[in-house]
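Trainee: Note that full-length UniProt numbering has the sequence shown beginning at 1, numbered continuously upward. Note that CB positions come from ideal geometry on N, CA and C, so glycine has one too. Small disclaimer: the values here were computed from a predicted structure and weren't measured.
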Amino acid sequence: MSILTRTAVAKETTAKDIAKEMGSILWFQLLIDVLLRMKHTDDAKTVLIETWRENYTGNSSELDIIKEFEQTYKREKAVWWYTRESSLYRILNKALREQSIDMIFSFRFFLTELSKQVSQFYKDYMQQLKASNTVCESIHVYRGQIIAKEELEQMQNSIGGFISINSFFSTSRNRLKARNFAMGSPVTEKLRRILFKIEIDPRLPTKPFADIEGISYIPDEQEILFML
1 MSILTRTAVA KETTAKDIAK EMGSILWFQL LIDVLLRMKH TDDAKTVLIE TWRENYTGNS
61 SELDIIKEFE QTYKREKAVW WYTRESSLYR ILNKALREQS IDMIFSFRFF LTELSKQVSQ
121 FYKDYMQQLK ASNTVCESIH VYRGQIIAKE ELEQMQNSIG GFISINSFFS TSRNRLKARN
181 FAMGSPVTEK LRRILFKIEI DPRLPTKPFA DIEGISYIPD EQEILFML
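1. Per DSSP, which residues does Leu191 bridge with? Please list them.
2. Could you say which of Thr171, Leu204, Arg192 lies nearest to Glu213 if we only look at CA atoms?
3. Quick check on this structure: which residue in Leu35, Lys207, Lys190, Ile163 has the alpha carbon closest to the alpha carbon of Ile101?
4. Which residue or residues does DSSP assign as beta-bridge partners of Glu199?
5. Starting from Thr112, trace the alpha helix (DSSP H) both ways and give me its first and last residue.
6. In the DSSP assignment, find the alpha helix (DSSP H) that holds Phe181 and state where it starts and stops.
7. In whole angstroms, what is the alpha-carbon distance linking Leu96 and Ile147?
8. Reducing DSSP to helix, strand and coil, say where Asp42 ends up.
9. Exposed or buried, which one is Val187 when buried takes at least 16 other CB atoms within 10 Å?
Shown next as structure tokens:
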């Protein structure tokens, strides 16, 4: 998660520092856009599976899941696989957060499949809104998570700024579910619980998002998934 404040200069952040941070954000977004537009060969899935296995050698439960993915995966089940409790979403989002280029490239097959499914749901949703001729109301979603104390302080000092998310971003329409998710993790000297409240205005251009309740592995989460 990258935070860029509008008042950075007032806080003695140099123009060079701001340009460097913005450049890093734009560079990563460009990299992802290029990967999503690339034509992937059949080998891309093989590379993903081999890399996935290498990272979980000796873990029989995860190896069973990887084998199941290899034998049964279909593109219409991308979101289902992402929301399943396994190492797939963890290793993918870890690579995205850390901007690990080699790992992101190894997982480009699933990254592209998931992005396409979310984008298609978003496209269908926007077409339905347009066809219905109804007033577009804002959507409120929530996300509970644990973050570093320093990161929370940076957010508190950057009100009015921008947050760039480097990974897929899961939220819920249900505030209580999001809150309970955060409450399930302990607070330490270095970690803090946080509950995001996010307002989505469908009239504004935005990254694709999708209500995945009907295609999620855990349908009762009332989940809205945002593209990275």
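Mentor: According to the structure data:
1. Ala148
2. Thr171
3. Leu35
4. His140
5. 108-132
6. 175-183
7. 17 Å
8. coil
9. exposed
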